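J.:
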Amino acid sequence: MTEKEIINTTVNFVKITLKNAEGGHDWWHIERVWKNAVTIAKAEKANLYIVELAALLHDIADAKFNNDDEEIGPAKATQFLQSIQVPDKIIEQVENIIRHISFKGGNFTASFSSPELNVVQDADRLDALGAIGIARAFNYGGFKNREIYNPAIAPALAMTKESYKKSSAPTINHFYEKLLLLKSKMNTTTGRQMAEQRHVFMEAYLNQFYKEWEGEK
């Protein structure tokens, strides 16, 4: 198959696999990340083929929906790519991107880096920002039956990877524990530029949220 045919085959595989996924991690999330990734990759001159495959497969089996198994996603992506005879050197790069893309509390040292990981990670983080990021946060909070906000529960600002995974805090806390941190963690110039307005929008949303919570005019 040509690279274009492989991309199209991957799109169909992801659509089928994520047909009944939670709304913040479904095909539409993948499509948005894919679009973001293409935009950033072209601007940053990264390998577009690797970026597209990794963006399409990055959440093929998200650990938080699979008993926190962080290997099931890379393994499933690898198995699929092998089945359509993608070269091993490409599969290895895609697998590494999927394994290392996650935020995981933000307080850890990455053991792998590449221009393509930088692109896909920024693209994924962009989908956690702005209007869509807010919608996804509350959708997942509802999925996990979390409180919207509880003034008595302060955000945890220095979580480890394990405490981040186990957190059941109100959704508003997630803004401070992850979403508002993402702008400063962007890897690429293009990603930082795209994140700026989305970050400002979230700050404005929080200001309005607290006014309404307190019954202010």
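Numbering (my numbering), first residue to last: 123 to 339.
Cβ coordinates follow ideal geometry from the N, Cα and C atoms, glycine included.
Model, not experiment: these values are computed from the prediction.
Using only the heavy atoms of the ligand ZN, determine whether one of them is closer than 7 Å to the beta carbon of P196.
T.: Because no ligand of any kind appears in the structure shown, any question about the ligand ZN cannot be addressed here.
J.: Just the C-alpha distance for L203 and P209, rounded to the nearest angstrom, thanks.
T.: 8 Å
J.: With distances taken Cα to Cα, identify the nearest neighbour of D244 among A257, Q215, S306, Q201.
T.: S306
J.: Checking 8 Å against the spacing of the C-beta atoms, do E238 and Q215 come in under that value?
T.: yes
J.: Which stretch, first to last residue, makes up the alpha helix (DSSP H) that contains Y262?
T.: 252 to 265
J.: If you draw a straight line from the alpha carbon of N229 to that of L178, how long is it in whole angstroms?
T.: For N229, the pLDDT reaches just 47, beneath the cut-off of 50, and the residue's location in the model is therefore unreliable, leaving the point undetermined.
J.: Using a Cβ-Cβ cutoff of less than 7 Å, which residues in the same chain neighbour N240 once the five nearest sequence positions on both sides are dropped?
T.: N309, T310
J.: Beta-carbon within less than 7 Å of F265's beta-carbon, same chain only, minus the 5 sequence neighbours each way: which residues are those?
T.: Excluding sequence positions up to five before and after F265, its CB lies within less than 7 Å of the CB of E144, all in the same chain and listed in chain order.
J.: Indicate the three-state DSSP secondary structure (helix, strand or coil) for G337 in the structure shown.
T.: coil
J.: L251 and L303: beta carbons closer than 8 Å?
T.: no
J.: Taking just the CA atoms, how far does L301 sit from L328?
T.: 12 Å
J.: Taking H151 and D249 to be in contact with their CB atoms under 8 Å, please state how far apart those CB atoms are, rounded to whole angstroms.
T.: 6 Å
J.: Would a C-beta distance cut-off of 8 Å place I256 and I294 closer than the cut-off?
T.: no
J.: By the three-class DSSP mapping on this structure, what secondary structure does R268 have?
T.: coil
J.: So for K141, helix, strand or coil by DSSP?
T.: coil
J.: Mind checking which residues open and close the alpha helix (DSSP H) that includes G146?
T.: That residue, G146, is in no alpha helix (DSSP H); it is neither H nor E in DSSP.
J.: Report back the beta-carbon spacing between I194 and A183 to the nearest angstrom; my notes put them in contact at under 8 Å.
T.: Indeed, because the Cβ distance is near 4 Å, the residues count as touching under 8 Å.
J.: Can you tell me where the alpha helix (DSSP H) holding A274 begins and where it ends?
T.: Neither: A274 is in no alpha helix (DSSP H) and is coded neither H nor E.
J.: Exposed or buried, S290, counting other C-beta atoms within 10 Å across all chains shown (16 or more means buried)?
T.: Counting every other CB atom within 10 Å of its CB across the protein chains shown gives S290 a total below 16, marking it as exposed.
J.: Name the two residues that bound the continuous alpha helix (DSSP H) containing H296.
T.: 293 to 299
J.: Closest by CA to H147, which one among M281, E217, D246?
T.: D246
J.: Return the chain-ordered list of same chain residues with a C-beta closer than 7 Å to the C-beta of P292, the five sequence neighbours on each side being excluded.
T.: R268, E269, I270, Y271, N272, I275
J.: Can you tell me whether E192 is helix, strand or coil according to DSSP?
T.: When secondary structure is reduced to three states using DSSP, E192 falls in the coil class, being assigned neither helix nor strand.
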